[in-house]
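Chemist: This is the structure I have questions about; it appears just below.
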Amino acid sequence: MIEVDFPLRRVSEASVHEKTIRHGHISTLHIWWARRPLAASRATALAALLPDESGQREELLALVRDIAPWEVVSNGNAPQIEKARERIREAFGGRAPRVLDPFAGGGAIPLEALRLGCETYALDYNPVAVLLNKAVLEYPHKFGQPDSVSNVPLPPRSEEHSQSNLELLEVSAERAESPLLQAVSAWGKWIVEEARKELEQFYPKDPDGSIPVGYLWARTLPCQNPACGAEIPLMRQTWLAKKDNKKIALRLIPNRETRRIDAQIVGADGQPLDFDPEEGTVSRAHVRCPLCGGTIDDKTTRRLFREGKSGQRLMAVVLHHPKRTGKTYRLPTERDLEAYRAAETALEHKRARLREEWGIEPVPDEEIITPCHEVDRPPMYGMPTWGDLFNVRQKLALITFADKVRQAHARMTAARTDPEFAKAVATYLALAVGRLSDRNSALCRVIPQTQAIGFTFTRQALPMLWDYIEMNPVQHASGWQSLIGDSTGNLAHFSSISHTNPLGSAHHASATALPWPDDHFDAVLTDPPYYDNVNYSALSDFFYVWLKRTIGDLYPDLFATPLTPKSEEMVADASKAGGMENAMRRFEQMLTQAFSEIRRVLKPDGVAVIVFAHKTTAAWETVINALLDAGLYMTASWPIHTEMQARLNAQETASLASSIYMVCRKRTTDQTGEFGKVRREIEERIGRRLAQFWDAGIRGADFFMSAIGPAVEVFGKYQRVEKLSGEPVTVAELLEYVRKVVSEFALKRILQSAQLGGLDAPTRFYLLYRWTYNHARVPFDEVRKLAQGIGVELATLWGEGGLVEKQKEYIRLPLPLERARSRNFAGKTGFDTLIDAMHYAVWLWEQNEPKRLKEHLGLTYGDNEVFWQVAQAIAEVLPDGDKEKQLLQGLLYGRKSYQKQGTYQAGLFTS
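Heads up: the sequence shown runs through residues 1 to 911, numbered per UniProt numbering.
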């Protein structure tokens, strides 16, 4: 059915809304980068597996639409899901269809296939991903159902744990339907109680009972001014709390007598701040000494770190009192420093003991693999190993929790528990250790707007932080207890999936060599990697090293190597391939091989749904060529919104809000198409689809990318498309043609007019760029192709005061006021393009020069209706609060007072 129709808007809405969901959602089990929304995964899987029955199409579309919202699946098997399973089984003659995801990653797509009653296979090359999929697909089904385990081992009773045991017995009775959930909850609580006995002394309470929940540290460097030499605390900013009703910050106070930079907490008693906490001591590795004003450049900063000249200083302690709400802040005391020094001693003793017991260095000593831009920042600053990303007390806490997980597994095994059950319980506990490392590293930033502790991975890369926040893992609300709560919430959700479903299974192999016979799967649903978007192996090493120390001996096949395997990873990594050109060629070959494998294992009547979300047409050219070379062709494509607009607006470079879900089948014919005929088919197909996508709210860069699918649906039916000369039409030529068609369609819709013939090309380009990319910087080649599609040569538009600004490999369009700073533009007298005249008018309006503005408009385009239509159109495509939008709105508001009758420039537009 997905080849005919799809409820695009409703599924997009559910996918975006899902970003706000926490409890029970797969994202809270463990981080995985670029995980697909469950709503889109569920809806596309159902639509792909249901046949198109014309008499029941509306009913089936309604079913796809109805299963998308999170509320339908958050509390078990809703009637809509049961109905979806029934319809799928009917479509496959009473059996469960066999479904594969060969790039399973974080498990979203396999989870939804399993939920819909499919026999589900999840494959990944990355051991961490395989482990996650076992936790999502295998263990909840095997051990999460009533009576699936005869002996559920609970932690031992003791006087010290008597209260905890009473709570555990309640949990046991309440959750008897899920032995796995019961055991993970019980052992999770036992672990934190045992860890607290060892660790609590290193996080001493205040005399009034306040508990330290966080410690704010700043890395330090010595001032390089020989006459100063002060220890500079490196802080990007000094906010502690930045809420509407609560503003607290650290003030750095130079003390010239002691040659020290002191600190003071300001704002805690409500007094206003008389300094700017946004101004720290470091920005982009450039350091300023508050004492003498001396500076350290970025290269010297990195060198000093690598030479071991850096240190760290405890700047503030975050406290919470059990009987009060909110957090308080104080400066560190000698007692805090003594506790940290005691942790150093304890760490050395514990490392020596565990090294002997585990047969491996307890603190990860594996080197961070470089060069790799996702993880190369810490090594640049003298942190070459994964263990270097944690301070002494964080290391102590993490190896303690890892040790307690190992002890819990040993106790379960000693109680003659089913070994697989004990392994499953230990797996969820180990994943919690992994998540704890994400929340408690020396790369976690304080979030003053919410007074919260940030994660290590706030994006798909390791940052370099100058100041960081350390949590108290045995007390903090986001510590171990919270993580176990997330795990049990996930288990409750996963276990609620109907136990009559076939088992799901996770497999460790490469997508380029699938371990299944030909014609084996009814459907392949997958989200392959995109060039160098995410370097999964390099990033997941962060977790791999901790998982290896916690449960590596339970999975010897997955944790056989020092770090995650990388030789066969499908990623365009220049460091592996001897340059980016070779890396891209290697990636393209591997992608084609993976698609060929998908075709091989897919049944003759099988369907594949492949997700693609790259923002460049070059990447699209690659993926389309790979599909066609592999013998697959697209039968439909759907641009589903998967990103929240607020997040996209905050980015400086162009990003897509949508992911394109491409529906593919095996090509079974070898016919050749004539491009003239094929082009007419494409125009008809694109016209229908673009109107549908526009009505569904698809805009900007997403709209351009969404048009590629319908064109390839026609193009890909043929083994070869030829020009009249007999030459083949390339995918690059196809995309160039599509861009022209989409540009014309979009301009007509934006301007709400079909009369485009006389509008000059630079103005059309400017309007399309703003509509497509807003104010983002965009790779040069992408902009070149956009300009080329409407007859603009980019090189003619840049220069001082020009419409276009070139920044190395990027292009951006400067604001009108930026252009006006140039004498070339400010002194302009002749205007060949409408957009130049408009920018000049906006500048004059902002300068409050109504006389000059009226004169300018009278001499140019002020009495031409199209001028105002274009101004209105640009204002409408820009987001609220945008400076250019405000300027245009101001100009539009005063339109009548600026117009001069009788100077209409005829012929600007022709019908």
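We put the CB at the ideal spot given by N, CA and C, even for glycine.
With C-beta atoms as the reference, is Gly107 less than 8 Å away from Asn490?
Modeler: Against a cut-off of 8 Å, the Cβ pair of Asn490 and Gly107 comes out as no contact.
Chemist: Is the segment 67-84 in contact with the segment 569-580, if contact means three or more CB pairs nearer than 8 Å?
Modeler: Counting Cβ pairs under 8 Å, fewer than three are found: no touch.
Chemist: Give a yes or no on whether the C-beta atoms belonging to Ala636 and Arg599 are separated by under 8 Å.
Modeler: Their beta carbons are not under 8 Å apart, which means Ala636 does not touch Arg599 by this criterion.
Chemist: Check the DSSP bridge columns for Cys664 and list the partner residues they point to.
Modeler: Cys664 pairs with Ala608, Met634.
Chemist: Residues bridged to Tyr468 by DSSP?
Modeler: Bridge partners of Tyr468: Trp217.
Chemist: Classify Asp486: buried if its beta carbon has 16 or more other beta carbons within 10 angstroms, exposed otherwise.
Modeler: Buried, since its Cβ has 16 or more Cβ neighbours within 10 Å.
Chemist: Between the alpha carbons of Pro140 and Tyr530, how many angstroms are there, rounded?
Modeler: Using only the alpha carbons, I get a separation of about 31 Å.
Chemist: Helix, strand or coil: which one does DSSP assign to Thr120?
Modeler: Looking at Thr120 - three-state DSSP - the assignment turns out to be strand.
Chemist: State the beta-bridge partners of Ile191 as determined by DSSP.
Modeler: Answer is none; Ile191 lacks a bridge partner.
Chemist: With DSSP as the reference, label Leu436 as helix, strand or coil.
Modeler: Three-state DSSP puts Leu436 in a helix.
Chemist: Are the Cβ atoms of Trp187 and Ala352 separated by less than 8 Å?
Modeler: No, the pair does not count as a contact, with Cβ atoms beyond the cut-off.
Chemist: Counting pairs of beta carbons, one from the segment 516-529 and one from the segment 83-100, are three or more of them closer than 8 Å?
Modeler: Yes, the segment 516-529 touches the segment 83-100.
Chemist: By Cβ distance, which residues of its chain are closer than 6 Å to His614, with the 5 residues on each side in sequence left out?
Modeler: Contacts found: Tyr530.
Chemist: The beta strand (DSSP E) spanning Thr370 covers which residue range?
Modeler: No beta strand (DSSP E) contains Thr370, which DSSP labels as neither H nor E.
Chemist: Give me, in chain order, the residues of the same chain whose beta-carbon lies closer than 8 Å to that of His856; leave out the 5 immediate sequence neighbours on both sides.
Modeler: Within the same chain, His856 has close Cβ partners Ala837, Tyr840, Ala841, Leu844, Gly862.
Chemist: Going along the chain, which residues of its own chain have a beta-carbon closer than 6 Å to the beta-carbon of Thr653, five neighbours each way excluded?
Modeler: For Thr653, the pLDDT reaches just 44, beneath the cut-off of 50, and the residue's location in the model is therefore unreliable, although a value from the coordinates is still provided. If we look at Thr653 and ignore the five residues flanking it on each side, its Cβ neighbours are Ala776, Arg777.
Chemist: Determine the direct distance from the alpha carbon of Val392 to that of Tyr468, and round the result to whole angstroms.
Modeler: Answer to the nearest angstrom: the Cα atoms are 14 Å apart.
Chemist: What are the start and end residues of the alpha helix (DSSP H) that includes Pro233?
Modeler: Taken as a continuous stretch (DSSP letters only), Pro233 belongs to no alpha helix (DSSP H), being part of the beta strand (DSSP E) at 231-234.
Chemist: Under 8 Å: do the segment 28-38 and the segment 54-62 share three or more Cβ pairs, one atom per stretch?
Modeler: Cβ pair count under 8 Å is below three, so no.
Chemist: If you reduce the DSSP assignment to three classes, tell me which class Met383 lands in.
Modeler: Note: Met383 maps to coil in three-state DSSP.
Chemist: When you compare the CB positions of Ile109 and Ser41, do they come within less than 8 Å of one another, or not?
Modeler: Yes, they are a contact pair.
Chemist: Could you check if Ser162 is buried or exposed, using at least 16 other CB atoms within 10 Å of its CB as the buried criterion?
Modeler: With a pLDDT of 42 at Ser162, under the threshold of 50, the modelled position of this residue cannot be trusted; read the value that follows with caution. Its Cβ having fewer than 16 others within 10 Å, Ser162 is exposed.
Chemist: Sort Pro233, Pro322, Ile610, Asn225 by Cα distance to Ser210 and report the nearest one.
Modeler: It is Pro322.
Chemist: By a C-beta neighbour count over all protein chains shown, 10 Å radius and 16 as the cutoff for buried, is His641 buried or exposed?
Modeler: Buried is the call here.
Chemist: So what's Ile835 in DSSP terms, helix, strand or just coil?
Modeler: Three-state result, Ile835: helix.
Chemist: State the DSSP-derived secondary structure class of Ile211, mapped to helix, strand or coil.
Modeler: Ile211 falls in the strand class under three-state DSSP.
Chemist: Run through DSSP, which three-state label would Gly676 get?
Modeler: Gly676 falls in the helix class under three-state DSSP.
Chemist: Going by CA-CA distance only, name the one from Leu817, Leu252, Thr763, Asp365 that's closest to Arg313.
Modeler: Among Leu817, Leu252, Thr763, Asp365, the Cα nearest to that of Arg313 belongs to Leu252.
Chemist: Buried or exposed: which applies to Gly894, given that a residue is buried once 16 or more other Cβ atoms fall within 10 Å of its Cβ?
Modeler: By the 10 Å Cβ count, Gly894 comes out exposed.
Chemist: Does the separation of the CB atoms of Asn126 and Ser537 fall below 8 Å?
Modeler: Taking 8 Å as the Cβ cut-off, Asn126 and Ser537 qualify as a contacting pair.
Chemist: Quick check: Leu429 and Ile191, are their CB atoms within less than 8 Å of each other?
Modeler: In this structure, Ile191 lies closer than 8 Å to Leu429 by Cβ.
Chemist: What residue range does the alpha helix (DSSP H) around Pro710 cover?
Modeler: Unbroken alpha helix (DSSP H) run through Pro710: 700-715.
Chemist: Look at the Cβ atom of Ser415, then the Cβ atom of Pro155, and state whether they are nearer than 8 Å.
Modeler: First, the amino acid is wrong: residue 415 is Ala here, not Ser. Against a cut-off of 8 Å, the Cβ pair of Pro155 and Ala415 comes out as no contact.
Chemist: Let me know if Ile708 comes out buried or exposed under the rule of 16 or more other beta-carbons within 10 Å of its beta-carbon.
Modeler: Per the 10 Å Cβ criterion, buried.
Chemist: Between Glu119, Leu887, Gln182, which lies nearest to Asp147 when the distance is taken from Cα to Cα?
Modeler: Residue Gln182 is the option with its Cα nearest to Asp147.
Chemist: How is Leu462 classed by DSSP in three states: helix, strand or coil?
Modeler: Correct three-state label for Leu462: coil.
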